[in-house]
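Engineer: Per the numbering used here, the sequence shown runs over residues 3 to 228.
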Amino acid sequence: MLITPEPSDREAAIFAVQDLIASGGYRPGDRLPPERELIVSLGFSRNTLRKALEVLEFRGAIWRHVGKGTFVSAREPSAGLSDLSKQVSPVHMMRARLSLEPAIAREAAINASEEAVHRIHRFRKMAQEASDWDQYETQDDAFHRSVAEATGNVLLLALFDQLNMVRRAVAWNAVVRKTDRPPRDHTSFSEHDQIASAIEARDPAVAHSAMRAHLGSVSARLFGEL
């Protein structure tokens, strides 16, 4: 029986990055080496390192800017989201997703550019082609974020990112996997297809219902009926 992700690897990577910051003389605002260099110097896989960086960003120790890199935070780590995650159950987390993400899918269907639709389909396909659960979760996360990006609304995207950080903290050890990779008939595949197709068709009502049905299916599969 597989449990993903492995907390021991993640925690070791977190400590390694923290030690690099402390021993390397990095100051607030300094940029850390690129991921490819950290993978080699710290000896962790790409996925393990990324999960560690996500946790450190969640804690407020670093911040990341797409296309620019990872930076040491210039502020004291905030306990807000960390404390919140300790008060949120998987059921509360899924209810929050059911409240926000269908509305995001609806806005994506109204506002998505052709490039945004292409990006949604690309991550949908990459999730289907994942060779293991770790890769699937990475691509599934990217698929859902690409839907939020497609809204063209930076506030909705920020809300999605905040909720997603809490989701990672709440559900980190809650998912037990019994296979090495998602089965070919994994229900999320067809559900992703329906979401992507509705957004491409510019059908906000169907996009909303497809996302809600997908999250309901995920919740039932992982945590039971809400």
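Glycine is no exception: its CB is placed at the ideal position from the N, C-alpha and C atoms. Computed from a prediction, not measured in an experiment: that's the story for all the values here.
Return yes when the Cβ of PHE60 is within less than 8 Å of the Cβ of LEU34, no when it is not.
Structural biologist: Their beta carbons are not under 8 Å apart, which means LEU34 does not touch PHE60 by this criterion.
Engineer: With DSSP as the reference, please indicate the residues paired to PHE46 in a beta bridge.
Structural biologist: Its beta-bridge partners do not exist; DSSP assigns none.
Engineer: Which same chain residues end up closer than 6 Å to PRO9 when comparing Cβ atoms and leaving out the 5 residues on each side of it in sequence?
Structural biologist: The predicted model places PRO9 with a pLDDT of 45, which falls under 50 and marks its position as unreliable, so this point remains unresolved.
Engineer: Can you list, in chain order, the residues of its chain with a C-beta nearer than 6 Å to that of ALA144? Leave out the 5 residues immediately preceding and following it.
Structural biologist: PHE125
Engineer: Take PRO206 and list the residues in its own chain whose beta-carbon comes closer than 6 Å to its own, dropping the five residues that flank it on each side.
Structural biologist: ARG108, ALA111, ILE112
Engineer: Check whether the Cβ atoms of ALA150 and LEU157 sit closer than 8 Å, and answer yes or no.
Structural biologist: no
Engineer: Using the Cα positions of GLY27 and LEU55, report the straight-line distance between them to the nearest angstrom.
Structural biologist: 18 Å
Engineer: Taking the continuous alpha helix (DSSP H) assigned at ARG126, which residues delimit it?
Structural biologist: 116-130
Engineer: Kindly give me the distance between the Cβ atoms of ARG186 and SER133, rounded to whole angstroms, as I take these residues to be in contact under 8 Å.
Structural biologist: Not quite, the Cβ-Cβ distance comes to about 13 Å (not below 8 Å), so this is no contact.
Engineer: Taking 8 Å as the CB-CB limit, is PHE46 close to chain D?
Structural biologist: In summary, chain D is missing from the structure at hand, where a single protein chain is found.
Engineer: Decide if PRO104 is buried, meaning its Cβ has at least 16 other Cβ atoms within 10 Å, or exposed.
Structural biologist: buried
Engineer: By how many angstroms is the C-alpha of ALA171 removed from the C-alpha of LEU161?
Structural biologist: The alpha-carbon of LEU161 is positioned some 16 Å away from that of ALA171.
Engineer: Answer with buried or exposed for ASP32, where buried requires no fewer than 16 other C-beta atoms within 10 angstroms of its C-beta.
Structural biologist: exposed
Engineer: Run through DSSP, which three-state label would LEU217 get?
Structural biologist: Helix at LEU217.
Engineer: Relative to the C-alpha of SER101, which candidate in SER43, HIS216, SER47, GLN137 has its C-alpha closest?
Structural biologist: SER101 has its Cα closest to that of HIS216, out of SER43, HIS216, SER47, GLN137.
Engineer: Give me the residue from THR153, MET167, ALA152, THR181 with the minimum Cα distance to TYR138.
Structural biologist: Nearest option by C-alpha distance: THR181.
Engineer: Measure the CB-CB distance between GLU153 and ILE106 and report whether it falls below 8 Å.
Structural biologist: Looking at the sequence provided, one finds Thr at residue 153 rather than Glu. Their beta carbons are under 8 Å apart, which means THR153 touches ILE106 by this criterion.
Engineer: By Cβ distance, which residues of its chain are closer than 7 Å to ARG214, with the 5 residues on each side in sequence left out?
Structural biologist: LEU100, PRO104
Engineer: If you count every other CB in all the chains shown that lies within 10 Å of the CB of VAL42, and 16 or more means buried, which is it?
Structural biologist: Exposed, by the Cβ-count rule.
Engineer: Smallest Cα separation from ALA203: which of GLN20, HIS188, ALA118, VAL220?
Structural biologist: When GLN20, HIS188, ALA118, VAL220 are compared, the shortest CA-CA separation from ALA203 is found for ALA118.
Engineer: Going by DSSP, name the residue or residues bridged to ALA73.
Structural biologist: The question names Ala, yet the displayed sequence has Phe at residue 73. For PHE73, which the question treats as bridged, DSSP gives the partners ARG33, TRP65.
Engineer: From GLU78 to GLU193, what does the alpha carbon distance come to, in whole angstroms?
Structural biologist: A caution first: GLU78 carries a pLDDT of 49, below 50, which makes its placement in the model unreliable, though a value can still be read off. Rounded to whole angstroms, GLU78 to GLU193 spans 40 Å at the Cα level.
Engineer: Between ALA222 and GLN196, how many whole angstroms is the CB-CB distance? I'm expecting something under 8 Å.
Structural biologist: At roughly 17 Å, the Cβ-Cβ gap does not stay under 8 Å, so ALA222 and GLN196 are not in contact.
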